[in-house]
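A short write-up of the structure that comes next.
Protein chains: 2
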Amino acid sequence: MAESLTWVNSLTTTLFNSFLDQTLPLLATAGTEVAPAAHSVKVDEAIVVAGVLLSLVVIYLASKIGGEICARINLPPVLGDLVGGVIIGVSVLKLVVFPEGGEDASSSVLMNLLQRTTSLEPEALAATFAAQSEVIAILAELGVIILLFEIGLESELKELIKYGPQAAVVAVVGVVLPFGAGTLGLISLFHVATIPAIFAGAALTATSIGITAKVLAEIGRLGDKEGQIIIGAAVLDDILGIIVLAVVASLVKTGEVEITNIAYLIVSAGAFLIGVIILGRFLSPYYVAFVKELKTRGPLLITALIIAFVLSYVGAAIRLEAILGAFAAGLVLGETETQQELEEQVVPLADFFVPIFFVVVGAKTNLGVLNPAIPSNREGLIIAAFLIVVAIIGKVLAGFAVFGQPGINRLAIGIGMIPRGEVGLVFAGVGVASGALSPSLEAAIIMMVILTTFVAPPLLRVAFKDPLPETESAGSAPK
Amino acid sequence: MAESLTWVNSLTTTLFNSFLDQTLPLLATAGTEVAPAAHSVKVDEAIVVAGVLLSLVVIYLASKIGGEICARINLPPVLGDLVGGVIIGVSVLKLVVFPEGGEDASSSVLMNLLQRTTSLEPEALAATFAAQSEVIAILAELGVIILLFEIGLESELKELIKYGPQAAVVAVVGVVLPFGAGTLGLISLFHVATIPAIFAGAALTATSIGITAKVLAEIGRLGDKEGQIIIGAAVLDDILGIIVLAVVASLVKTGEVEITNIAYLIVSAGAFLIGVIILGRFLSPYYVAFVKELKTRGPLLITALIIAFVLSYVGAAIRLEAILGAFAAGLVLGETETQQELEEQVVPLADFFVPIFFVVVGAKTNLGVLNPAIPSNREGLIIAAFLIVVAIIGKVLAGFAVFGQPGINRLAIGIGMIPRGEVGLVFAGVGVASGALSPSLEAAIIMMVILTTFVAPPLLRVAFKDPLPETESAGSAPK
Chain C
1 MAESLTWVNS LTTTLFNSFL DQTLPLLATA GTEVAPAAHS VKVDEAIVVA GVLLSLVVIY
61 LASKIGGEIC ARINLPPVLG DLVGGVIIGV SVLKLVVFPE GGEDASSSVL MNLLQRTTSL
121 EPEALAATFA AQSEVIAILA ELGVIILLFE IGLESELKEL IKYGPQAAVV AVVGVVLPFG
181 AGTLGLISLF HVATIPAIFA GAALTATSIG ITAKVLAEIG RLGDKEGQII IGAAVLDDIL
241 GIIVLAVVAS LVKTGEVEIT NIAYLIVSAG AFLIGVIILG RFLSPYYVAF VKELKTRGPL
301 LITALIIAFV LSYVGAAIRL EAILGAFAAG LVLGETETQQ ELEEQVVPLA DFFVPIFFVV
361 VGAKTNLGVL NPAIPSNREG LIIAAFLIVV AIIGKVLAGF AVFGQPGINR LAIGIGMIPR
421 GEVGLVFAGV GVASGALSPS LEAAIIMMVI LTTFVAPPLL RVAFKDPLPE TESAGSAPK
Chain R
1 MAESLTWVNS LTTTLFNSFL DQTLPLLATA GTEVAPAAHS VKVDEAIVVA GVLLSLVVIY
61 LASKIGGEIC ARINLPPVLG DLVGGVIIGV SVLKLVVFPE GGEDASSSVL MNLLQRTTSL
121 EPEALAATFA AQSEVIAILA ELGVIILLFE IGLESELKEL IKYGPQAAVV AVVGVVLPFG
181 AGTLGLISLF HVATIPAIFA GAALTATSIG ITAKVLAEIG RLGDKEGQII IGAAVLDDIL
241 GIIVLAVVAS LVKTGEVEIT NIAYLIVSAG AFLIGVIILG RFLSPYYVAF VKELKTRGPL
301 LITALIIAFV LSYVGAAIRL EAILGAFAAG LVLGETETQQ ELEEQVVPLA DFFVPIFFVV
361 VGAKTNLGVL NPAIPSNREG LIIAAFLIVV AIIGKVLAGF AVFGQPGINR LAIGIGMIPR
421 GEVGLVFAGV GVASGALSPS LEAAIIMMVI LTTFVAPPLL RVAFKDPLPE TESAGSAPK
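Okay, structure coming up:
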């Protein structure tokens with residue numbers, strides 16, 4: 001259990017703790033000469049670069065091998081990224097591990113290789129490990145930001161608005177049902193105390209837009225009305241999730257709900273998305289004219305990324321999420337005449353960054369919590385089974401809440417909302433940090449997140465029934 | 001002088017020193033409760049991401065504004081990257097600064113903004129600053145690796161081999177002349193001791209292939225025979241530079257030259273480059289056939305990057321440079337039928353990464369060492385003037401050593417070899433770490449590096465006389 005505990009902890013704390021924990025003994029032995037000892041921990045940037053290169057090679061190999069196998073057995077390639085990540089990660093080969101996962105440098109196969117092949121000194125090992133892990137983690141975050149930017153570019157603002165009411169219903173039902181059923185079920189069936197039950201219920205609400213959007217793009221369904229409803233609902237779900245998290249966190253901390261905080265989040269999210277879209281409409285003709293005047297390399301791509309990164313930053317700064325800003329930027333730029341050219345240029349960038357995100361999600365996933373041979377896992381496994389059922393049924397029912405659209409594939413919409421991905425883990429992380437969650441409940445939440453994330457891609461493909469011809473699933477995202 | 005000292009130091013040491021220096025007082029005040037205090041330094045990954053996004057926005061703005069201005073006054077856009085970097089860096093605005101530059105988080109304007117706009121806690125400031133700086137520094141390193149990969153793709157192996165003898169002469173003369181003249185001049189004219197004089201002479205030898213190749217690509221001269229001789233000579237120069245550095249370093253350390261070490265470097269460099277080319281020829285048909293079988297996104301780009309990163313890693317691991325491996329990978333893949341498609345896909349990636357490298361080079365450049373108002377700079381300024389003259393004349397004469405090519409632009413070749421860039425700084429860094437360099441000599445080397453780096457791009461453009469029409473210099477690198 002300790003293993004899973006540190007893993008979740010890591011979501012809110014950081015790799016520097018581990019770095020410090022490892023260097024502290026070194027400082028202690030140095031006695032009075034603390035400063036020189038600290039000074040001797042040198043990180044050679046060239047070695048960090050070598051470590052990052054090795055990590056990227058392993059990540060890309062895992063992504064390509066996993067993806068190609070999945071593509072051949074008619075599963076979504078993104079599942080291959082996740083499974084490939086699990087295999088190279090903390091659960092199996094330990095090639096790509098993170099200090100925050102409770103691993104130290106000596107357990108990283110890759111760091112051992114690095115130490116044998118470079119002039120890396122033993123005392124610099126921990127710091128080098130921390131530095132290269134930090135870089136890979138941030139590259140993964142840039143990956144999900146660029147993915148959402150690409151999804152935004154490919155989404156039709158008009159369609160999103162058109163199906164807005166349906167998306168809103170799916171999002172709200174998909175939050176209320178799992179939250180209510182999960183919380184009440186835990187209290188009545190498993191006699192869990194109210195606060196942890198609310199936390200676990202809250203973790204059931206969020207949808208990982210990344211996984212679903214990637215699968216939709218892979219099977220060429222992003223442009224369908226089902227796809228647009230799922231994307232719209234997932235975006236709203238993300239905002240609702242942030243609000244639920246804020247409510248639950250303040251409930252745990254102060255015992256009451258801070259209305260002003262909640263109001264701030266709702267107003268800022270709404271103002272941000274609507275503001276960006278209106279401002280974007282107004283400014284985009286000037287932007288297009290401006291880009292045409294530029295004479296240096298990458299005029300379109302770099303200016304578009306400036307916009308995307310500014311909005312991502314604003315999204316993060318107003319306590320929403322960076323990916324919401326990236327999505328909004330993509331949505332606005334996707335409405336301009338430069339859309340097609342921009343999409344073509346974003347594809348190689350997404351090819352570079354996005355696999356890092358999904359493989360790292362897999363690599364950080366500790367399948368140890370699923371091992372029934374470990375006695376302490378068993379209670380968690382039973383609760384997990386309950387949470388998984390609620391998580392899946394709650395979202396599937398949300399899909400059936402779509403109204404006024406005869407003939408629409410409601411099942412596919414519901415399934416599209418199933419994966420909890422990294423969003424669910426954030427809930428678990430906050431819960432652990434607040435001390436509200438017992439180890440078994442925490443493990444159960446992690447299991448629920450793993451299962452829903454891994455089960456959704458193949459289910460989604462089945463729900464859309466007719467697999468596309470090979471050429472389309474082989475190519476890049478639909479254009 | 002202390003400022004420039006720490007700056008150069010940073011090349012071989014690291015930001016973690018600074019990180020530790022900043023956290024140590026915190027640990028000290030914690031008394032017996034060292035561990036909990038260390039534990040309280042939390043780095044929120046979302047805030048690091050926000051910091052990286054902000055840095056990238058500032059870097060791209062500096063690159064675009066600087067580049068566009070340079071393009072309009074007929075200077076190479078890469079000079080705009082460098083100058084833009086200087087303006088946002090440690091010398092002027094301090095928007096993008098690095099802990100290794102002796103700056104702490106409180107002097108970073110960007111970190112102050114981050115602290116005001118996010119929930120960043122004061123005690124996590126230093127660690128967050130260190131983490132985001134590390135990420136930007138590594139992104140810059142990936143930038144020069146991808147740049148050399150792109151240059152390799154655009155280079156013709158046949159042409160490089162054809163002009164190999166000329167390139168070798170340019171490289172050897174361009175190493176021997178500045179080294180001899182610099183070392184002897186310092187000893188006879190400035191009464192510098194032998195060891196530091198040898199170090200300074202060695203710092204005069206290396207050529208920064210990045211700057212020159214970028215300018216050549218910008219003015220569409222990479223494919224000319226002059227361009228190919230420059231690239232070939234710069235690659236050889238890089239290898240010669242590594243060998244010179246090894247000789248000088250072992251001379252300083254043990255007082256004698258370790259022949260085995262030097263022999264190892266020469267043999268491994270030769271075996272690596274020749275081995276990659278022969279192996280690449282043999283394997284590339286299988287590679288092309290393999291890529292055609294892949295069904296997931298980015299089959300060509302990602303497999304090519306796997307090859308490039310593996311070779312970069314091997315290049316770094318055998319104590320050569322990562323960029324040599326990337327260049328070799330580009331050279332080999334550029335010979336396959338996939339070259340054009342691959343080049344098109346690498347362009348957006350290069351557009352993303354390469355400006356980060358050049359802007360960071362500028363941002364790390366401390367123009368303070370050039371200020372004659374500071375008395376301690378004056379001695380350095382005089383020595384610097386001497387070094388700059390030797391650095392420029394030595395390389396220009398090397399260009400005139402080209403034989404058997406009537407009508408070739410020898411001046412342009414010589415000028416192409418002038419920029420010392422980051423390679424010269426590595427020499428200065430090793431020199432400072434070994435204790436051989438006096439502060440004024442060290443400052444003089446830095447000034448030489450700055451001047452040669454900034455003066456070469458416009459001179460190179462003049463030397464090639466006929467500026468290309470706007471459309472070509474505006475577009476991407478020549479195809």
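Protein chains in written order, with UniProt numbering: chain C, 1 to 479; chain R, 1 to 479.
Even for Gly, the Cβ is constructed at its ideal location relative to N, Cα and C.
What you are looking at is a predicted structure, and each value in this text was computed from that prediction instead of being measured.
Counting only C-beta atoms, is residue i closer than 8 Å to chain C at any point?
i	result
R:Q345	yes
R:V83	no
R:R461	no
R:K465	no
R:T118	yes
R:K295	yes
Could you round the C-beta distance between residue i and residue j to whole angstroms and report it? I think they count as a contact, below 8 Å.
i	j	result
C:A171	C:L236	4 Å
R:L110	R:S55	6 Å
R:G380	R:A443	4 Å
R:V173	R:L397	7 Å
R:G414	R:K395	5 Å
C:T205	C:A234	So it is not a contact: roughly 12 Å between Cβ atoms.
C:A50	R:A401	Not really, about 35 Å apart at Cβ, beyond 8 Å.
R:L177	R:E335	Contact doesn't hold; Cβ gap of about 34 Å is too wide.
What's the gap between the Cα of residue i and the Cα of residue j?
i	j	result
R:T453	R:A202	17 Å
C:L147	R:V175	47 Å
R:I230	R:A168	10 Å
C:L24	C:V52	At C:L24, the pLDDT of 30 sits below 50, so the modelled position is not reliable; the number obtained from the coordinates is stated separately. Computed Cα separation, rounded: 25 Å.
R:S108	R:I47	15 Å
residue 534 of chain R	R:N112	The structure shown does not extend to residue 534 of chain R, since chain R spans only 1 to 479, so no value can be given for it.
R:A463	C:L305	35 Å
R:I356	C:V248	41 Å
C:R297	C:V291	11 Å
C:G368	C:I374	9 Å
C:V57	R:A412	38 Å
residue 486 of chain C	R:E256	The structure shown does not extend to residue 486 of chain C, since chain C is modelled only from 1 through 479, so no value can be given for it.
R:P165	C:F149	49 Å
C:I161	R:V314	52 Å
C:F179	C:D224	29 Å
Is there a Cβ from chain R that is less than 8 Å from the Cβ of residue i?
i	result
C:E352	Reading off the sequence, residue 352 of chain C comes out as Phe, not Glu. So yes, C:F352 belongs to the interface.
C:F129	no
C:I138	yes
C:A444	no
C:L26	The pLDDT assigned to C:L26 is 30, lower than 50, so where the model puts this residue is not dependable; a value taken from the coordinates is nonetheless given after this. Chain R, which has no Cβ nearer than 8 Å to the Cβ of C:L26, makes this no.
C:Y60	yes
C:A412	no
C:S476	Below a pLDDT of 50, predicted positions are generally treated as unreliable, and C:S476, at 41, falls in that range; no measurement from the model is reported.
C:I302	yes
C:R420	no
Practice problem: Please confirm if the segment 315–333 of chain R is in contact with the segment 231–245 of chain R, defined as three or more CB-CB distances below 8 Å between the two stretches. | Solution: The answer is yes - the segment 231–245 of chain R touches the segment 315–333 of chain R, with three or more Cβ pairs under 8 Å.
Exercise. Determine, using beta-carbon pairs with one atom in the segment 130–137 of chain R and one in the segment 189–208 of chain R, whether at least three such pairs fall under 8 Å.
Key: The segment 130–137 of chain R is not in contact with the segment 189–208 of chain R.
Practice problem: Answer yes if the segment 383–390 of chain C comes into contact with the segment 338–358 of chain C, meaning at least three C-beta pairs across the two stretches below 8 Å, and no otherwise. | Solution: Touching, no.
Quiz prompt | Contact between the segment 353–362 of chain R and the segment 82–94 of chain R (3+ Cβ pairs under 8 Å) | solution = As far as the Cβ criterion goes, the segment 353–362 of chain R touches the segment 82–94 of chain R, which means the pair count is three or higher.
Self-check item: Sufficient close CB pairs (3 or more, under 8 Å) joining the segment 408–422 of chain C to the segment 442–461 of chain C
Solution: With a cut-off of 8 Å, the segment 442–461 of chain C and the segment 408–422 of chain C count as touching, because enough Cβ pairs lie within range.
Exercise. Count the C-beta pairs between the segment 120–131 of chain R and the segment 96–106 of chain R that are closer than 8 Å, then say yes if the count reaches three, no if not.
Key: They touch, by the three-pair rule.
Quiz item: Are three or more beta carbon pairs between the segment 69–77 of chain R and the segment 211–222 of chain R nearer than 8 Å?
Solution: Touching, yes.
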